[in-house]
Every structure is written in C-alpha cells, then in structure tokens.
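J.: Its first residue numbered 2, the sequence shown is counted upward by one per residue in the numbering used here.
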Amino acid sequence: MPAPIPTRVHYHKGDRELELGYPDGQTYRLPIELLRVYSPSAEVQGHHPSEAVLQTGKRHVGLLDISQAGRYALKLHFDDGHDTGLYTWEYLHDMATHQQAWWENYLSRLDRAGASRDPSVIQIHQV
Numbered sequence: 002m003p004a005p006i007p008t009r010v011h012y013h014k015g016d017r018e019l020e021l022g023y024p025d026g027q028t029y030r031l032p033i034e035l036l037r038v039y040s041p042s043a044e045v046q047g048h049h050p051s052e053a054v055l056q057t058g059k060r061h062v063g064l065l066d067i068s069q070a071g072r073y074a075l076k077l078h079f080d081d082g083h084d085t086g087l088y089t090w091e092y093l094h095d096m097a098t099h100q101q102a103w104w105e106n107y108l109s110r111l112d113r114a115g116a117s118r119d120p121s122v123i124q125i126h127q128v
C-alpha cells in the first residue's frame, strides 16, 4: 500500500521542525536536522550504502524554502546550501513514523565516528 500524501505541510521556523498532517488526522513534526542528515540525495546517500557520507554539525540547520516536486515528493532547500534530493511521500512517512529509530541510528553513527551534531566553530578575534 502506498504511503499517504500529506494534506498539510508547515515549517515551524522557531522550532526548526517540518509538520506533516495526514488525511487520517495524524500529524508528525520532523526536526530539520533529521531531514538534512538523512537527505535522500546522492551527495549524502551515495549511490550505494557503503558510499553514504555522515553529516555532522547540522544541529542548527533550518529551511529557506519548500517546493513540491510533481505529485510524489517535496524538495527542501536548507540554509546550509544543500538543496538536492527529493523527499518522496513514502520516505517522509517512513521517517515520521519511525523517527526514534532514525535518530538512534544517526546518534550511534556520530558516536562511532567521534563526531558531533554541533558545527565546528572558529574563534575570530579582532586586533
């Protein structure tokens, strides 16, 4: 059975969450960070699971724009410049309904890599 198509898509800028509302009344709020680190783009996922690139430092990422791609997906334009990859209705619904597992997997991968959700910061001092 195909995934349901959202009847409502709303970006909560202050919370950095994408809300998806479905015809059955269910609503889900997905953190933009989660959407960014699991972008379905080849840049992030590679062309094979072994080519996937762990995304780090994305804790504060937000959205600049959302556009619909045909009748099957959304294109998200992130404020870190990333805007490739189409989030199909199936992909979004799976992420929404299994959000905890996606988070746990991501945090585990970060931990194994000794990486962080926080961006690296370069101290700049004025002289």
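Ideal Cβ positions, reconstructed from N, Cα and C, are used throughout, including at glycine.
Since this is a predicted model, take the numbers as computed values, not measurements.
1) Quick check: the Cα distance between Trp90 and Gly115, rounded to an integer number of angstroms?
2) Cα separation between Ser40 and Gly26?
3) Please look up how many angstroms separate the CB atoms of Ile67 and Leu55, rounded, as I've assumed it's under 8 angstroms.
4) List the endpoints of the continuous beta strand (DSSP E) containing Val10.
5) From Leu65 to Arg113, what does the alpha carbon distance come to, in whole angstroms?
6) Unbroken beta strand (DSSP E) runs of length 3 or more, entirely within the segment 53-88: which are they?
7) Of all the options Lys14, His11, Gly15, Pro7, which has the alpha carbon lying nearest to the alpha carbon of Pro24?
8) How big is the Cα-Cα spacing for Arg17 and Met2?
9) Measuring alpha carbon to alpha carbon, tell me which residue in Arg30, Leu35, Glu20, Leu21 is nearest Leu108.
T.: Straight from the coordinates:
1) CA-CA distance, Trp90 to Gly115, rounds to 33 angstroms.
2) Looking at the backbone, the Cα of Ser40 and that of Gly26 are separated by about 26 angstroms.
3) Wrong, their Cβ atoms sit about 25 angstroms apart, outside the cutoff.
4) It spans 9-13 - the beta strand (DSSP E) in which Val10 sits, taken as one unbroken run.
5) Here the alpha carbons of Arg113 and Leu65 stand approximately 31 angstroms from one another.
6) You should have 64-70, 74-79.
7) By alpha-carbon distance to Pro24, the top candidate from Lys14, His11, Gly15, Pro7 is Pro7.
8) Answer to the nearest angstrom: the Cα atoms are 30 angstroms apart.
9) Taking each of Arg30, Leu35, Glu20, Leu21 in turn and checking the Cα distance to Leu108, the smallest one comes out for Leu35.
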